[in-house]
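For the sequence shown, our numbering gives the first residue as 18, with consecutive numbering after it.
For each residue, glycine too, the CB sits at the ideal point set by N, CA and C.
Okay, so here's the structure we're looking at.
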Amino acid sequence: MPGDASIGRIFLNAAVLLVEAAILITIAEVILKAFYTSDAATKSALDAQQKAEELRVEQARMDAEVAARKMSEKNVSCASWKRACCA
18 MPGDASIGRI FLNAAVLLVE AAILITIAEV ILKAFYTSDA ATKSALDAQQ
68 KAEELRVEQA RMDAEVAARK MSEKNVSCAS WKRACCA
């Protein structure tokens with residue numbers, strides 16, 4: 018009969034629903050883990066980018082100091098040479 022549901026069919030449908038629910042929960046956990054991993058990687062990349070920028074600024078400052086020192090040494094050398102030649 019069409020309205021006659023056996024207990025076996027009910028348990029079979031319940032088992033199928035439980036398996037489907039378990040699969041969906043597992044998929045949701047995998048997606049959530051992927052988001053957490055992506056978030057951590059993004060934070061790490063931003064930290065590395067900030068550190069690289071700090072190092073670039075420090076390198077530029079050091080390059081400027083070296084250039085200024087070289088220029089100062091050239092000026093001292095010229096002045097010494099002029100004193101030696103013109104004295």
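Rounded to the nearest angstrom, what separates I48 and A57 at their Cα positions?
Taking the first residue of the sequence shown as position 1, residue 48 is located at position 31. Taking the first residue of the sequence shown as position 1, residue 57 is located at position 40. Approximately 14 Å between the Cα atoms of the pair.
In its own chain, which residues sit with a C-beta less than 8 Å from the C-beta of A69, not counting the 5 before and 5 after it?
Here residue 69 is taken as the residue at index 52 of the sequence shown, counted from 1. Around A69: no qualifying Cβ.
How many angstroms separate the CA atom of Q76 from the CA atom of V83?
In the sequence shown, residue 76 corresponds to position 59, counting from 1. In the sequence shown, residue 83 corresponds to position 66, counting from 1. If you take the alpha carbons of Q76 and V83, they lie about 10 Å apart.
In whole angstroms, what is the alpha-carbon distance linking A51 and L63?
Residue numbering aside, residue 51 sits at position 34 when the sequence shown is read from its first letter. Residue numbering aside, residue 63 sits at position 46 when the sequence shown is read from its first letter. Those two C-alpha atoms are separated by around 18 Å.
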